[in-house]
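Asker: Chains A, B and C, in that order, give the protein sequences. Just add 4 to wherever you are in the first sequence, counting from 1, and you've got the working numbering. Just add 19 to wherever you are in the second sequence, counting from 1, and you've got the working numbering. Just add 2 to wherever you are in the third sequence, counting from 1, and you've got the working numbering. Glycine is no exception: its CB is placed at the ideal position from the N, C-alpha and C atoms.
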Amino acid sequence: MALHEQTLTELKAGLDRGDFTAVDITQALLDRIAAHGKDLNAFITVMGETALANAGQADKARAADQGGVLNGLPIVHKDIFCLRDVLTTCGSRMLKDFVSPYDATVVERLAGAGAVVLGKTNMDEFAMGSSNETSFFGPVKNPWGLEYSPGGSSGGSAASVAARLSPAATGTDTGGSIRQPAALTNTVGFKPTYGRVSRYGMVAFASSLDQAGVITRSAEDAALLLGVMAGFDERDSTSIDHPVPDYVAGLGESLDGLRVGVVRQHFDAGLDEATGKAVRDALAVLEARGATLTEVDLPNLDYCVPTYYVVAPAECSSNMSRFDGVRFGHRAEDPKDLLDLYCRSRGEGFGAEVKRRIMTGTYVLSAGYYDAYYLQAQKVRQLISEDFKKAFEKVDVIAGPTTPTPAFKLGAKTDDPITMYLNDIYTIGANLAGLPAMSTPCGMVNDFPVGLHLVGPHWAEASLLRTAHQYQTQTDWHTRCPEAYR
Amino acid sequence: MSADWEVVIGLEIHTQLATQSKIFSGASTAYGAEPNTQACLVDLAYPGVLPVLNKEVIRMAAMFGIAVNATISPRSIFARKNYFYPDLPKGYQISQYELPIVEHGELFIKDAGGNDKRIGITRAHLEEDAGKSIHEGLDRSSGIDLNRAGTPLLEIVSEPDLRSAREAIAYMRKIHTIVRYLGISDGNMQEGSFRCDANVSVRPVGQKELGTRSELKNLNSFRFIEKAINFEIERQIDIIEDGGKVAQETRLYDSDKDETRPMRSKEEANDYRYFPDPDLLPVEISAAFVDAVRKTLPELPDAKQQRFEAEHGLKADDAGILTASRALADYFESAASASDAQAQTVANWVIGDLSGALNKDGLDIEASRISAADLAGLVNRINDNTISGKIAKEVFEAMWAGGGTADAVIESRGLKQITDEAAIEAVVDKVIAANPQQVADYKGGKDKLIGFFVGQVMKETQGKANPGQVNKMLKGKLSS
Amino acid sequence: MSLDKDQVQHIAMLARLRLADDEFAETQDKLSRIVDFVDQLSAAPTDAVVPMAHPLNQAQRLRPDQVTEANERERMQKNAPAVADGLYLVPKVLE
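Here's what the structure looks like:
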């Protein structure tokens, strides 16, 4: 098997056996990035020199019997993670020349374990979008069809993994931004419990919803990476001190007795028929492996998307205020006074979707509207959270579709913002309630992949990974690769 | 001000808490550093950074709350106050809005008649300070220094219970004394660690509704606050008496012109869009924690003053002066306990000569050139008749100039009082013999001449003869 | 449209965003649609519901009062667009 075809787990075994070196892997992937990166527009920065240097160090460490659990393994970071002395743009003109003076905790931990960073991936601007069409650096293409969107906001990360430019990528998920692109590109996307992984160094979009996660080709790989990324960080007040289990060790446990919940409303008119069928087939596979299926109700499901589109913009409108042209970032030329400095720097620096969300957020927090919108949304969020809590008294995992349809064409949904927002209809609930959730490939519809979505109660990462892993031992959807990238 | 008007004043005091590091970051809070050398990633609001709360500010806020008899909220929330200004890097200030850490407190001042008056404290909450803008010396630019950004502040809001500039000052002084007593703030107004805004309005006596208020900002000395408030009261009364309406606005005090004027940058009413900060979690404070803090509370100024009056027998005024600062009170008590003399005597020295010397040299009590023990030593030497009160002043001067203890000065300058009866008698006899005319005059009825004779004896003895003994002996010899 | 021009202008001002003339109409339209969409929240059964403070209902952790950050002004100001004598520069502000 060629190096680029191997998963992280396979590469790790190969390195351990001495079949090849970290430099071999890195060089092979850098060559592929050079060949395909531009077509897909998946990268904003490629770190060729540093990658090879770090790979060399990794090989040396291995020879000396040292090195962490990810020693020499390649990874790419969504360009929302701060990397010291590296361009960190968040897909925005506002930060197009911003070189971060520090590393995000996620970056530190992965590097500390020996991972080799190949580059920073393209993304929807400041993580706001579900199609990777809002990036200042142009849209990312779906490896399954270049006129199609890979989903967003972690579109670059998803496309890189799907096209075998890197076996793994980091991403962030605020309303589905890891899971939705994973589903649309035939990759595995994992979002942990809120507070499981540190947000320090991860540029904030919606603080109470954002979580760092991974996009990989298997549940096994996700488990490997999560074990390194997870854990309490004193620099993040919302990070929680909860023990980190060995996610890899638990993968082999059987699914006997696993209670899987199915939400009736998920399979209604909004869901594409073929997608629905693929998901139902996947549920049948779980049943065959020992799981039981039960219907569960999430009565406030319809409120998920509108709740999200009040809370997220509100928090984002405030988080984005630091971008003012004073200490870093884009600054308008020849500002005539302070007001002009602010309005033009921000007007020029931010794209249309970001400005729209800032304005929505400003509106819902403003005098006279706070109670009706923001306060109300936080109450509805509590209701949604309680719906999940009740459901999880009856079941261990809730399963359903990740997206209502397979990938859509670039430009198809950009007119009506609401149509785009409804893409996140299945994924958003997990963010509102802070629950761990993931997507795993479960079928093809007209040659485009669709994903099975799994949500668990707080701290149920191991259970989700196990479920996906067992599913992956019985199916081969997750191994499929678009023809052009084999 | 005519008696037809009632003034209503509420004060908002911002006091910087004396922590080592900032409220949400580990940068230093030390005053006077080069610009932006104490502004870390978090203070600069770099993308991706997050706030982490300093434990010490909770303890300090709790101490304040306990000292003013307030409720310490078991659960309080940090909120974002959103507005744009260059000294506010995040574009929002982390403050507290709906659930502050301290609520419903009180303290007592003396009203014009000398009676206790209760002033309510609505709330005290934690927030971060902004940076500083420098406008001079830069061509068409303002320069921003973010060293101060993130320094912890306690904002103390009074009920509108104050009825005059005098009361406002008294309340402000009380708060100033309390925070310094508690050691939670150095209260240094010149350095900006204690700032006051005043909300002032007037209404006709008897009217229930409050008049329109104006907010006076950034008053940084007790004197200026008094002048600003008084100017503002007159200004508002004049407007209303002329048939106009007072505008609700923010005003600055111009100390050169002794007037208040509207603040330009606050023209537009700000919509702060407060909401709970999602990067911070609710702060939970247990009853056990509050009890533990309560046990560490030092004796507070009022209690200390009453104790000085009761235990040390001091006059109320003197007790008040000595307890205005904890350091001064401690100095006094230390000196009094080391002295055999009456506490009032020690108090007189502290309030009189010692304070005079400190003021002259611009020193605080902590930098006193005479220690409490040494001052006690001086007072003891008066008390045991080694020196007279007059000589003591000379000794004090010498000690202040670095001459060491009272004993050392007395010894080196030979200032011991002459108390030997025989020695005094010899001088008295000599003086009497040398001044026959004055003796005759005295015996003829000019009693006041006793002062002349005492003076002559003192001159002969370089002031060292015990005045009491000299007096007694002279009177005895001259009356025979 | 649920948001009129003045409202949109006011929001843009609060958010310090300059909208180009050709952006304005589209922004007004899309914002109005979003507001219409989220208005449905008013029908949600939220009587006696406490608004969510944190998804996992935790309390704030406290850190010790220690200075942990050293002076790194030069490094921090590498990204600054306008600096003089260590100060960040902005157009002169009148008070």
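Please tell me whether C:E25 has its Cβ less than 9 Å away from any Cβ of chain A.
Answerer: Residue numbering aside, residue 25 of chain C sits at position 23 when the third sequence is read from its first letter. It does; some Cβ of chain A falls within 9 Å.
Asker: Tell me which residues of the segment 59–79 of chain B have at least one Cβ-Cβ distance to chain A shorter than 8 Å, keeping chain order.
Answerer: Listed by position, the residues of the segment 59–79 of chain B near chain A (Cβ gap below 8 Å) are L60, L63, A64, Y65, P66, G67, V68, L69, P70, V71, L72.
Asker: Have a look at B:E286 and B:C59 and give me their C-alpha separation to the nearest angstrom.
Answerer: Translated into the one-based positions of the second sequence, residue 286 of chain B becomes position 267. Translated into the one-based positions of the second sequence, residue 59 of chain B becomes position 40. Annotation note: pLDDT 48 at B:E286 (below 50); position unreliable, coordinate value reported separately. For B:E286 and B:C59, the distance between alpha carbons rounds to 32 Å.
Asker: I want to know whether the segment 309–323 of chain A touches the segment 377–397 of chain A - three or more CB-CB distances under 8 Å.
Answerer: Taking 8 Å as the limit for Cβ pairs, the verdict is that the segment 377–397 of chain A does touch the segment 309–323 of chain A.
Asker: Which residues of the segment 154–187 of chain B have a Cβ closer than 8 Å to any Cβ of chain C? Give them in chain order.
Answerer: Cβ contacts with chain C come from H154, L157, R159, S160, S161, G162, I163, D164, L165.
Asker: Could you give the distance in angstroms between the alpha-carbon of A:G517 and the alpha-carbon of A:L469?
Answerer: No answer is possible for residue 517 of chain A: the residues shown for chain A start at 5 and end at 490.
Asker: On the CB-based measure, 16 or more other CB atoms within 10 Å of its CB, does B:N15 come out buried or exposed?
Answerer: With chain B running from 20 to 499 in the structure shown, residue 15 of chain B is simply not present.
Asker: Can you list, in chain order, the residues of its chain with a C-beta nearer than 6 Å to that of A:L387? Leave out the 5 residues immediately preceding and following it.
Answerer: Position 383 of the first sequence holds residue 387 of chain A. So the qualifying residues of the chain are N304.
Asker: Quick one: measure Cβ to Cβ for B:H123 and B:A89, integer angstroms, because I've assumed they're closer than 8 Å.
Answerer: Residue numbering aside, residue 123 of chain B sits at position 104 when the second sequence is read from its first letter. Residue numbering aside, residue 89 of chain B sits at position 70 when the second sequence is read from its first letter. Their Cβ separation, rounded to whole angstroms, is 6 Å, which keeps B:H123 and B:A89 in contact under 8 Å.
Asker: Does the segment 127–141 of chain A come close enough to the segment 165–181 of chain A to have 3 or more Cβ pairs within less than 8 Å?
Answerer: Result yes; three or more Cβ-Cβ pairs closer than 8 Å.
Asker: Chain B partners of A:S212, CB-CB under 7 Å?
Answerer: In the first sequence, residue 212 of chain A corresponds to position 208, counting from 1. Ordered by position in chain B, the residues that pass the 7 Å Cβ test against A:S212 are P297.
Asker: Starting from B:Y111, trace the beta strand (DSSP E) both ways and give me its first and last residue.
Answerer: On the second sequence, residue 111 of chain B is found 92 positions in, with the first residue counted as 1. Per DSSP, B:Y111 belongs to the beta strand (DSSP E) from 111–114.
Asker: With 9 Å as the threshold, decide whether the Cβ of B:L300 is near any Cβ in chain A.
Answerer: Working through the second sequence from its first residue, we reach residue 300 of chain B at position 281. With 9 Å as the cut-off, B:L300 counts as an interface residue toward chain A.
Asker: Touch check for the segment 60–74 of chain C and the segment 32–49 of chain B: three-plus C-beta pairs under 8 Å?
Answerer: Yes, since at least three Cβ pairs between the segment 60–74 of chain C and the segment 32–49 of chain B fall closer than 8 Å, the two stretches touch.
Asker: Near A:N450, which residues of its chain fall below 8 Å by C-beta distance, leaving aside the five closest residues on each side in sequence?
Answerer: Translated into the one-based positions of the first sequence, residue 450 of chain A becomes position 446. The answer, listed in chain order, is A278, P410.
Asker: How big is the Cα-Cα spacing for A:G235 and B:R137?
Answerer: Sequence index remark: in the first sequence, residue 235 of chain A carries index 231 (1-based). Sequence index remark: in the second sequence, residue 137 of chain B carries index 118 (1-based). Cα-Cα distance, rounded: 52 Å.
Asker: Which residue wins for smallest C-alpha separation from A:H334, given the options A:A464, A:D428, A:Y489, A:S96?
Answerer: By one-based count along the first sequence, residue 334 of chain A stands at place 330. The shortest C-alpha separation from A:H334 is found at A:S96.
Asker: Please confirm whether B:M208 and B:R214 have their CB atoms less than 9 Å apart.
Answerer: On the second sequence, residue 208 of chain B is found 189 positions in, with the first residue counted as 1. On the second sequence, residue 214 of chain B is found 195 positions in, with the first residue counted as 1. Yes, these two residues count as a Cβ contact at 9 Å.
Asker: Assign B:H61 to one of two classes, buried (16 or more other C-beta atoms within 10 Å of its C-beta) or exposed (fewer than that).
Answerer: As a position in the second sequence, residue 61 of chain B is number 42, starting the count at 1. Residue identity check: residue 61 of chain B is Val in the sequence provided, not His. Its Cβ being crowded by 16 or more others within 10 Å, B:V61 is buried.
Asker: Can you check whether the C-beta of C:M78 is within less than 9 Å of a C-beta belonging to chain A?
Answerer: For this step, residue 78 of chain C is matched to residue 76 along the third sequence. Interface residue, yes.
Asker: Taking buried to mean at least 16 other C-beta atoms within 10 Å of its own C-beta, is A:P501 buried or exposed?
Answerer: With chain A covering only 5 through 490, there is no way to say anything about residue 501 of chain A.
Asker: Check for me: the beta strand (DSSP E) holding B:P171 runs from which residue to which?
Answerer: Indexing the second sequence from 1 puts residue 171 of chain B at position 152. 171–177 is the span of the beta strand (DSSP E), which, as asked, contains B:P171.
Asker: Hey, how far is the Cα of A:Y475 from the Cα of A:R221?
Answerer: Taking the first residue of the first sequence as position 1, residue 475 of chain A is located at position 471. Taking the first residue of the first sequence as position 1, residue 221 of chain A is located at position 217. Answer to the nearest angstrom: the Cα atoms are 13 Å apart.
Asker: Round the Cβ separation of B:L126 and B:V87 to the nearest angstrom and send it over; I've been treating them as touching at under 8 Å.
Answerer: Locating residue 126 of chain B in the second sequence gives position 107, where the first residue counts as 1. Locating residue 87 of chain B in the second sequence gives position 68, where the first residue counts as 1. Between B:V87 and B:L126 the Cβ distance is about 5 Å, and since that is below 8 Å, they are a contact.
Asker: Please return the same chain residues whose Cβ sits closer than 8 Å to the Cβ of B:I304, not counting the five positions on each side in sequence.
Answerer: The residue given as residue 304 of chain B occupies position 285 in the second sequence. Once the five neighbours on either side are set aside, the close Cβ partners of B:I304 are I77, A81, I91, S92, P93, R94, S95, I120.
Asker: Contact between the segment 26–37 of chain C and the segment 357–375 of chain A is defined here as three or more beta-carbon pairs at a separation below 8 Å; is this criterion met?
Answerer: Short answer: they touch.
Asker: Indicate the three-state DSSP secondary structure (helix, strand or coil) for C:D87 in the structure shown.
Answerer: Within the third sequence, numbered from 1, the residue matching residue 87 of chain C stands at position 85. In the structure shown, C:D87 sits in coil (DSSP, three-state: anything other than H, G, I, E or B).
Asker: Which one of A:G447, A:A488, A:R331, A:I244 has the shortest CA to CA distance from A:T479?
Answerer: On the first sequence, position 475 is the one that residue 479 of chain A refers to. For A:T479, the nearest C-alpha among the options comes from A:G447.
Asker: According to DSSP, simplified to helix, strand and coil, what is B:N218?
Answerer: For the purposes of this step, residue 218 of chain B is taken as the residue at position 199 of the second sequence. DSSP places B:N218 in strand when its eight states are reduced to three.
Asker: Quick check: is the beta carbon of B:E53 nearer than 9 Å to any beta carbon in chain C?
Answerer: Here residue 53 of chain B refers to the residue found at position 34 when the second sequence is read from its first residue. Answer yes: the Cβ-Cβ gap between B:E53 and chain C drops below 9 Å somewhere.
Asker: Which word fits A:R268, buried or exposed, when buried means at least 16 other C-beta atoms lie within 10 angstroms of its C-beta?
Answerer: Here residue 268 of chain A corresponds to residue number 264 of the first sequence, with the count starting at 1. A:R268 comes out exposed.
Asker: Is A:T444 close to chain B, meaning its C-beta is less than 9 Å from at least one C-beta of that chain?
Answerer: Within the first sequence, numbered from 1, the residue matching residue 444 of chain A stands at position 440. No, because no Cβ of chain B sits closer than 9 Å to the Cβ of A:T444.
Asker: Closest Cβ-Cβ distance between B:E286 and chain C: below 9 Å?
Answerer: By 1-based counting over the second sequence, the position of residue 286 of chain B is 267. In this predicted model, B:E286 has a pLDDT of only 48, less than 50, meaning its place in the structure is not dependable; the value taken from the coordinates is given anyway. Not one chain C Cβ lies under 9 Å of B:E286.
Asker: Which residues in chain B sit within 8 Å of A:A371, going by Cβ to Cβ distance?
Answerer: Within the first sequence, numbered from 1, the residue matching residue 371 of chain A stands at position 367. By Cβ distance, chain B contributes D290, R292.
Asker: Once DSSP output is grouped into helix, strand and coil, what is the label at A:A234?
Answerer: Within the first sequence, residue 234 of chain A is the residue found at index 230, counting from 1. Three-state DSSP puts A:A234 in a strand.
Asker: Give the interface partners of C:R65 over in chain E, defined as CB-CB distance under 8 Å, in chain order.
Answerer: The displayed structure is made up of protein chains A, B and C, and chain E is not among them.
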